[in-house]
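A.B. asks: Supplied in structure tokens, the structure appears directly below.
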Ligand SMILES: NC(=O)c1ccc[n+]([C@@H]2O[C@H](COP(=O)([O-])OP(=O)(O)OC[C@H]3O[C@@H](n4cnc5c(N)ncnc54)[C@H](OP(=O)(O)O)[C@@H]3O)[C@@H](O)[C@H]2O)c1
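Numbering (the working numbering), first residue to last: 113 to 287.
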């Protein structure tokens, strides 16, 4: 299984503000997610991201994405109302994606789940939409965690409006 992490972020690495608003990011962040999720055929998100999008971004329909959908939560009683599959760890998410016949899967946040995947060494490459904004505080690409990895540059794509899409392969463990 090949897992790609995709996220949109400010130049200084924030993916949302402290109230989970992403209004400093453009619609291209969502468009790029849909492109990559449909290419992979399956995407995986944290329970919090699922709830934030449902609550704050009603126009951004996860159900419109033509891909399998997986939510990760530690809550054994969590039930999803709309055709998501629910698992309880990053490893289980990857195993489920494999069992559905996928060879690639897209991980798309949030910060906590990204770190959990990185700690379990489950991310093969990273695609970042770097948006022309800087914000003073908020949620980072990764929640605080104990990993350090080299990234190997693959490409950069100018998506217009000052948005650069960076693509890296995850390399050796550092330190
Ligand atoms: N800019 C972007 O591209 C982008 C993309 C996605 C999200 N976001 C933003 O990111 C923010 C959400 O990030 P977040 O860090 O607060 O939450 P999150 O990573 O979306 O979800 C965290 C939750 O996922 C579950 N989880 C995480 N690791 C787990 C593990 N190892 N095992 C089992 N369950 C696990 C837990 O759910 P339970 O508590 O239910 O156990 C945890 O509370 C929101 O503001 C969202 O808008 C931005």
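Glycine residues also receive a C-beta, built at the ideal position from the N, C-alpha and C atoms.
#1: Comparing C-alpha positions only, which one of 278, 175 and 135 sits nearest to residue 241?
#2: Taking the alpha carbon of residue 280 as the point to measure from, which residue in 243, 274, 264 and 272 has its own alpha carbon closest?
#3: Rounding to the nearest angstrom, what Cα-Cα distance links residue 268 and residue 276 in this structure?
#4: Of all the options 186, 114 and 282, which has the alpha carbon lying nearest to the alpha carbon of residue 224?
#5: Counting only runs that start and end within the stretch 210-238, where is the beta strand (DSSP E) found for 3 or more residues in a row?
#6: So what does residue 251 bridge to, in DSSP terms?
#7: Applying the 10 Å Cβ sphere with the 16-neighbour rule, what's the burial state of residue 285?
#8: With DSSP as the reference, please indicate the residues paired to residue 207 in a beta bridge.
C.D. replies: A quick look at the data gives this:
#1: Taking the first residue of the chain shown as 1, we reach residue 241 at position 129. Closest option to residue 241, Cα to Cα, is 278.
#2: Here residue 280 refers to the residue found at position 168 of the chain shown. Minimum Cα distance to residue 280 is reached at 264.
#3: Walking along the chain shown from the start, residue 268 turns up at place 156. Walking along the chain shown from the start, residue 276 turns up at place 164. Distance between the alpha carbons of residue 268 and residue 276: 7 Å.
#4: The residue given as residue 224 occupies position 112 in the chain shown. The residue with the shortest Cα to Cα distance from residue 224 is 186.
#5: 216-219
#6: Counted from its first residue, the chain shown places residue 251 at position 139. Partner residues in the beta bridge of residue 251, as assigned by DSSP, are 128.
#7: Numbered from 1 along the chain shown, position 173 holds the residue referred to as residue 285. Result: exposed.
#8: As a working note, residue 207 is residue 95 in the chain shown. Its beta-bridge partners do not exist; DSSP assigns none.
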